[in-house]
Amino acid sequence: MPAPRPGGGAGVRCRPRSGRAAGSRCAPLRRFHRGDYTVEVSINDYLDIYCPHYEEPVPAERMERYVLYMVNYEGHASCDHRQKGFKRWECNRPDAPSGPLKFSEKFQLFTPFSLGFEFRPGHEYYYISASPPNMVDRPCLKLKVYVRPTNDSLYESPEPIFTSNNSCCSLRVPHAVLAVVPVFWTLLGS
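Residue 190 is where the sequence shown ends in UniProt numbering, and the numbering goes up by one at each step.
As structure tokens, this is what we get:
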């Protein structure tokens, strides 16, 4: 499995669910540099997030660190995690000896985990980055994930379901249909 090249930057990769042909609308690792990116996934696909990583010595203030948030449409448009967003992951170990931190999101209809998320086919979900407090500000990076509708899925959940008792974080997303967009995300450039 490829990982980000040394020297910073982070990346994202879509992994098809097991049993589906590799490469079917999922792409190899891509790096974020700037702007907005869109990724299409199917139910039971994974999205892997690789944090920036440095193998060579770099001054601490130059190392990239990010907090990644899942937000609603308005939070994505304004790049503001306070718009009904919540912290999803934190990229805070850019010089870890074991390599880059990796987080995975599984796009599933049902989750067995009390703090897990359930995703609805035909809907969009939004992620943004922010610099941690007391760190050098970095550009906001935005990702829109579109969960493709499935012909074999009869289940339609109401909206993204957060199975925790935390009612503060309900996401509302517009009903939108996207054109087929190749999966490419190139995250968090220098």
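Every residue gets a Cβ at the ideal spot worked out from N, C-alpha and C, and that includes glycine.
As the structure is a computational prediction, the values presented were derived from the model and not from experiment.
*Under a Cβ-count criterion, where at least 16 other Cβ atoms within 10 Å of its own Cβ denotes burial, should A130 be classed as buried or exposed?*
Position 130 of the sequence shown, counted from the first residue, corresponds to residue 130. That one is buried.
*Under 8 Å, do M70 and D95 count as touching if we go by C-beta distance?*
Taking the first residue of the sequence shown as position 1, residue 70 is located at position 70. Taking the first residue of the sequence shown as position 1, residue 95 is located at position 95. Cβ atoms of M70 and D95: not closer than 8 Å.
*Kindly indicate the opening and closing residues of the beta strand (DSSP E) around E74.*
The residue labelled residue 74 in the question sits at position 74 within the sequence shown. Premise fails: E74 lies in the alpha helix (DSSP H), 73 to 78, not in any beta strand (DSSP E).
*Going by beta carbon distance, what residues of the same chain come within less than 7 Å of D137, once the five residues before and after it are set aside?*
Locating residue 137 in the sequence shown gives position 137, counting from the first residue. Hits under 7 Å: S131.
*Apply the 10 Å Cβ neighbour rule to R82 and answer buried if 16 or more other Cβ atoms are within range, or exposed otherwise.*
Reading the sequence shown from its first residue, position 82 is the one you call residue 82. Classification for R82: exposed.
*Backbone secondary structure at A60 - three-state DSSP*: Stepping through the sequence shown from its first residue, residue 60 is reached at position 60. Reduced to three states, the DSSP call for A60 is helix.
*Through-space distance from E61 to F117, alpha-carbon basis*: As a position in the sequence shown, residue 117 is number 117, starting the count at 1. As a position in the sequence shown, residue 61 is number 61, starting the count at 1. Near 34 Å, if we compare the C-alpha coordinates of E61 and F117.
*For A96, which of helix, strand or coil comes out of DSSP?*
What you label residue 96 is simply residue 96 of the sequence shown in a count that begins at 1. Coil.
*Endpoints, beta strand (DSSP E) assigned at E124*: Position 124 of the sequence shown, counting from 1, holds the residue named residue 124. Its beta strand (DSSP E) spans residues 124 to 130.
*Following the continuous beta strand (DSSP E) through S104, name the residue where it begins and the one where it ends.*
Mapped onto the sequence shown, residue 104 falls at position 104. From DSSP, the beta strand (DSSP E) with S104 extends over 102 to 106.
*Of the choices W89, C140, P97, H53, whose alpha-carbon is the least far from that of A77?*
As a working mapping, residue 77 is identified with position 77 in the sequence shown. It is C140 whose Cα lies nearest to the Cα of A77.
_Using DSSP's beta-bridge definition, name the partner residues of F119._
Your numbering for residue 119 matches position 119 in the sequence shown. In DSSP, F119 forms no bridge with anything.
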